[in-house]
Amino acid sequence: MTQIDNEVSMIRETARRFVRTRLVPLEQQIETDDDVSLDLLAQLRAEVAALGLYGFNLPESVGGPGLSAAAKLAILEELTYTSVPLSEVFGHLPLQLTQMDERQRADLLPGILAGQQTVTYALTEPNAGSDLSGLRTRAEKVEGGWLLNGSKHFISHAETADYIIVLAVTDPTASLKSKLTTFIVHRNSPGLVGMTRYRKMGWRGYHLNGFTLENCFVPDEDVLGAPHAGFLGMMRSINHDRLLSASRSLGLSSRAQTMACEYALERKAFGANLAQHQAVQFMVADNDVEIEAARELIRVAAEMIERDDSQAHVAACRAKLYASEMGCRVTDRVLQIFGGMGYMTELPVERFYRDARAFRIGEGTSEMQRIQIARAALAQAGGRHGV
Ligand SMILES: Cc1cc2nc3c(=O)[nH]c(=O)nc-3n(C[C@H](O)[C@H](O)[C@H](O)COP(=O)(O)OP(=O)(O)OC[C@H]3O[C@@H](n4cnc5c(N)ncnc54)[C@H](O)[C@@H]3O)c2cc1C
């Protein structure tokens, strides 16, 4: 084992111990309450920060640990073992933070990196999800800043985040690449109104919100990155966010598969363990192959992102598409192996099944990933044929 391998396995072990002993025991209560105490989350973030793992995805340039792709993947694999709201305490932070200027870094970053202040990202609107050309939130230049008007919905933790990174249209006549600007909106800003919370199929305890910006004043100093460069800023972070989503699906699926195997070895039917019935073995085998295929696609994409490969975005789309769709197939088979018990809320199996469904939608739907993958494949073939 090299020194780097040793470091990665130590990091993995630290993350695993924390997830399994500290977070997993909290899952069921959060699921039942569909809520979680903010004090508890703050406490857990502080504990992760004390382990040196909070904000693990950030580069050193913004005060992150600057971990290798392998180390980040190891942490992702471990943290995604637990439910989505709890895994958030590891602080997979928006890469848009790397666009902060000196003043923003000095004033805002220390609290964010310590897990004392939280930040979320607001892009989606009632009339624009996959199709960003439909974004309607407008920011108009006024003396000393900008006035924001519009609505955002399906925004993770908007009701509790200290800062909401908002994408708004600043040049409606420009192409998508240069029409958007990114703003740091403080949650208590007057003008940020009408906060609502959605009821959801899964991810219980993880709040998704909608809100309105009504003449919400954002000072010039809270513009993140250059004006009109919001789209490019978003593209810098999108591969990482897709890998997070793919990893969540992988983590959940491999945990579900382990539970299914253990159950199949214990539960008896027709004078044998379930595991001895070939139909059950086939489900276990299909799960195994699909989980390993997703793991490999994620690993390859992570390496390509790390070395800034020009095809990294396609690799991230492949990993995101395959892992998210795999999660639904695997959790469905796992629930089948558990039979009636799989459908009952005593076990987390039905939760895995519900939670997996969101991965095919968030961070770009499966269809959006397919469009990107097909475009790249066709462009490559077109190039070979001189088109
Ligand atoms: C759990 C969860 C967390 C989220 N968190 C956030 C967040 O923190 N911040 C944020 O900004 N957003 C967030 N979202 C929103 C998410 O990014 C959007 O829901 C997603 O991008 C899809 O947009 P939409 O819901 O408007 O669907 P639409 O864009 O309306 O699409 C509806 C359906 O049509 C399909 N479709 C659309 N266009 C095409 C096409 N050209 N070809 C083929 N099919 C097409 C889509 O794939 C989809 O199946 C979250 C969503 C979920 C479910």
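Following this note's numbering, the numbering of the sequence shown begins with 64 at its first residue and continues without gaps.
No residue lacks a Cβ here, since even glycine has one placed at the ideal position from N, Cα and C.
Checklist line | Distance, A202 Cα to D351 Cα | finding: 49 Å
Margin query: Can you tell me which residues fall inside 5 Å of ligand 1, judged by beta-carbon distance to its nearest heavy atom, and keep chain order?
Written below: L186, T187, G192, S193, F217, I218, S219, A421, I424, G425, T428, E430
Next item on the list: Tell me whether Y117 is buried or exposed, calling it buried when 16 or more other Cβ atoms sit within 10 Å of its Cβ.
Entry: buried
Check: Which residues in the same chain as A357 place their Cβ atom closer than 6 Å to its Cβ, once the five residues preceding and following it in sequence are excluded?
Finding: L313, Y385, A386, M389
Checklist line | Rounded separation between A335 and T408 - CA only | finding: 26 Å
Margin query: So the candidates are L243, L337, I354; which of them puts its Cα closest to the Cα of A401?
Written below: A small correction: the amino acid at residue 401 is Phe; Ala does not occupy that position in the sequence shown. Here the closest residue by C-alpha is L337.
Notebook entry, point to check: Three-state secondary structure (DSSP) at P253?
Noted result: coil
Notebook entry, point to check: When burial is assigned at 16 or more other CB atoms within 10 Å of the CB, is T233 buried or exposed?
Noted result: buried
Notebook entry, point to check: Going by beta carbon distance, what residues of the same chain come within less than 6 Å of E123, once the five residues before and after it are set aside?
Noted result: G129
Note to self: Between H155 and T187, how many whole angstroms is the CB-CB distance? I'm expecting something under 8 Å.
What the structure shows: With a Cβ gap of about 18 Å, H155 and T187 do not count as contacting.
Next item on the list: Taking G127 as the reference, give the member of P173, L89, R83, L101 with the closest Cα.
Entry: P173
Margin query: Spatial neighbours of E426 within its chain, please: C-beta separation below 6 Å, excluding the five flanking residues on both sides.
Written below: D304, R305, S308
Check: Do the region 319-326 and the region 273-284 touch if we need at least three Cβ pairs shorter than 8 Å?
Finding: no
Checklist line | Distance, A444 Cα to H376 Cα | finding: 18 Å
Next item on the list: In the DSSP assignment, find the unbroken alpha helix (DSSP H) run with A132 in it and report its ends.
Entry: 132-142
Margin query: Within a Cβ cutoff of 8 Å, which residues of the same chain sit near H291, ignoring the five residues on either side of it in sequence?
Written below: T233, D234, A237, S241, K242, L243, T244
Margin query: Mapping the DSSP letters down to three states, classify A185 as helix, strand or coil.
Written below: strand
Note to self: By alpha-carbon positions, which one of E366, D418, R108 ends up nearest to M264?
What the structure shows: D418
Checklist line | Other residues of its chain near A379: CB distance less than 7 Å, five sequence neighbours each side excluded | finding: N302, R305, L306, A364, I368
Notebook entry, point to check: For the region 358-389, which segments carrying the beta strand (DSSP E) assignment without a break, of at least 3 residues, lie completely within its bounds, in sequence order?
Noted result: none
Note to self: Within 8 Å, do at least three Cβ pairs link the region 132-141 to the region 78-96?
What the structure shows: yes
Next item on the list: Please report how far the alpha carbon of A105 lies from the alpha carbon of T183, in whole angstroms.
Entry: 15 Å
Checklist line | Residue from H340, A231, T428 whose Cα sits closest to the Cα of A382 | finding: T428
Next item on the list: In angstroms with no decimal places, state the Cα-to-Cα distance between R166 and Y406.
Entry: 52 Å
Item checked: Endpoints, the beta strand (DSSP E) within which P282 is located -> 271-282
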